[in-house]
Amino acid sequence: MSLPRVLTLDADPRPFALDTAACALLVIDMQRDFLEPGGFGASLGNDVSLLRRTIEPTRHLLAAWRAHGLPVIHTREGHDPALADLPRSKYERNLTGPRIGDLGPMGRILVRGEPGHAIIHELAPHAGEYVIDKPGKGAFWATPLHAHLQERRIRQLVVTGVTTEVCVHTTVREANDRGYDCLVLADATGSYFPEFHLAALAMIRAQGGIFGWVGTTAPLLRALSS
Ligand code: TIU
């Protein structure tokens, strides 16, 4: 099934003209450490169940997106086992509970290669999909993401993942400053704080779309299936 070059999608503050020849789906940090008990999110005192509503919409979108051979990029937040890429400030920030690198129920918290660091099985990357390991909240800091996108002439990102106001927001701000148009999908992003989720989305689309566009998966799924 061939797609039109441009898909016009309902979004705020105005429709998003998705250029199917210059876009990628960016799935941020859908890791066990954030979505399952015993990981980094839980170690910070959060109820991880609040994020799980994003899984089904993201799973459907991935299937439709992959059916057209469009590029998918996944990110994972985490650190090397020696914690050499872990700023002391990040390590020391949480004063209570286990810290990054400590042993939890899913292995060492937020450490690459540990079970908890993996992307949840429902959204596991397919062969050939790019997986970016990032030590920070933003996907551009200390990663090859910008170079990867530039080489492929990708100018637009459809952004999903967790958490809306932390890694998604930081990444969208980084992307916006580097010249990418971002469409952030409200039902495929989530936060441990529902009010922060709503506020973060409002910030993106305010002032004429100061950081980007906000939409949902439904119009995109419709466009990909018609
Ligand atoms: N704590 C929190 O809301 N988020 C993070 O620490 N990382 C991401 O958002 N991925």
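Okay, so the sequence shown: first residue is 163 according to this note's numbering, each after it adds one.
In this text, a Cβ means the ideal position worked out from N, Cα and C, and glycines have one as well.
If I measure Cβ to Cβ from residue i and keep anything under 7 Å in the same chain, skipping five residues before and after, which residues do I get?
i    : result
P175 : R367, G370, G371
S387 : A226
V376 : A173, D174, V346, A348, L363, I366, R367
G269 : E276, P277, G278
Just curious, the alpha helix (DSSP H) that residue i is in, first and last residue?
i    : result
H359 : 356–371
W127 : Outside the displayed range of the chain (163 to 388) lies residue 127, so it cannot be described from this structure.
E336 : 331–339
T379 : 379–387
D195 : 194–197
State the Cα-Cα distance for the pair residue i and residue j, rounded to the nearest angstrom.
i    : j    : result
V168 : A186 : 13 Å
G255 : G200 : Correcting the residue type first, residue 255 is Arg in the shown sequence and not Gly. Cα to Cα, R255 sits roughly 18 Å from G200.
S353 : G259 : 20 Å
E218 : G341 : 30 Å
T379 : R315 : 24 Å
A385 : V234 : 17 Å
G207 : H230 : 40 Å
V330 : K299 : 8 Å
L307 : P267 : 31 Å
A286 : L197 : 14 Å
Since residue i and residue j are thought to touch, with beta carbons under 8 Å apart, how far apart are those beta carbons, to the nearest angstrom?
i    : j    : result
L188 : A301 : 7 Å
D343 : G374 : 6 Å
A350 : T220 : 5 Å
H236 : I281 : 6 Å
D195 : G278 : 4 Å
L345 : F202 : Not a contact, Cβ separation roughly 27 Å.
P381 : L171 : 5 Å
V321 : T332 : The Cβ separation is near 11 Å, so there is no contact.
R250 : H288 : So it is not a contact: roughly 37 Å between Cβ atoms.
L180 : Q312 : No, L180 and Q312 are not in contact; Cβ-Cβ is about 19 Å, not under 8 Å.
Hey, quick one: how far does the beta strand (DSSP E) through residue i stretch, first residue to last?
i    : result
T237 : 234–239
Q318 : 318–324
Let me check you understand the geometry: is the CB of residue i closer than 7 Å to at least one non-hydrogen atom of the ligand FMN?
i    : result
T305 : Of the ligands this structure carries, namely the ligand TIU, none is the ligand FMN.
For residue i, which residues from the same chain have a beta carbon less than 8 Å from its beta carbon, with the 5 sequence-adjacent residues on both sides left out?
i    : result
L383 : H222, L223, A226
A361 : E327
A184 : R315, I316, R317, Q318
Would the stretch 239–248 and the stretch 260–278 be scored as touching if the rule is three or more Cβ pairs under 8 Å?
yes
Would you call the stretch 208–223 and the stretch 322–342 in contact, with 3 or more CB pairs under 8 Å?
yes
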